[in-house]
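S.K.: Provided herewith is a single structure, encoded as structure tokens, for subsequent inquiry.
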Amino acid sequence: MKGDRSVLAAILRGSLSHDTVWAKSGIDLVLVTIDDKKVETADMALYADGVNVHAFLVPRAEFRKTVEGSIHNQKTPTR
3 MKGDRSVLAA
13 ILRGSLSHDT
23 VWAKSGIDLV
33 LVTIDDKKVE
43 TADMALYADG
53 VNVHAFLVPR
63 AEFRKTVEGS
73 IHNQKTPTR
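Right, here's the structure in full:
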């Protein structure tokens, strides 16, 4: 992925990111991609060397909206 200029960031999620790994743990990755009409939100499941890998492709603009919405929800006071 180092040479792929369409991938801007790779974010590790799931149990591996919390250091809570067990025998059937998989790798969950969010790959933030460039904003290009050819690159759509997608997901892919892979099985390599006995490990499940789930990769989610998210264009930068959509990722930004998700993060901004999450920040906004955290600032909203609850009653």
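For the sequence shown, my numbering begins at 3 and goes up steadily by one.
The beta-carbon is built from N, C-alpha and C at its ideal position, and this holds for glycine as well.
Predicted, not measured: the structure shown is a model, and the values here were computed from it.
Check whether the Cβ atoms of R62 and I36 sit closer than 8 Å, and answer yes or no.
M.R.: For the purposes of this step, residue 62 is taken as residue 60 along the sequence shown, with counting starting at 1. For the purposes of this step, residue 36 is taken as residue 34 along the sequence shown, with counting starting at 1. Going by C-beta atoms, R62 is nearer than 8 Å to I36.
S.K.: By DSSP, does I36 sit in helix, in strand, or in coil?
M.R.: Here residue 36 is taken as the residue at index 34 of the sequence shown, counted from 1. Reduced to three states, the DSSP call for I36 is coil.
S.K.: Would you mind working out which of V34, H56, S19 and L48 sits nearest T87, comparing C-alpha positions?
M.R.: Residue 87 falls outside the range modelled here, since the chain spans only 3 to 81, and no answer is possible.
S.K.: Go ahead and pull the three-state DSSP assignment for R62.
M.R.: Position 60 of the sequence shown, counted from the start, is the residue given in the question as residue 62. R62: helix per DSSP, three-state reduction.
S.K.: Assign V60 to one of two classes, buried (16 or more other C-beta atoms within 10 Å of its C-beta) or exposed (fewer than that).
M.R.: In the sequence shown, residue 60 corresponds to position 58, counting from 1. Flag for V60 reads buried.
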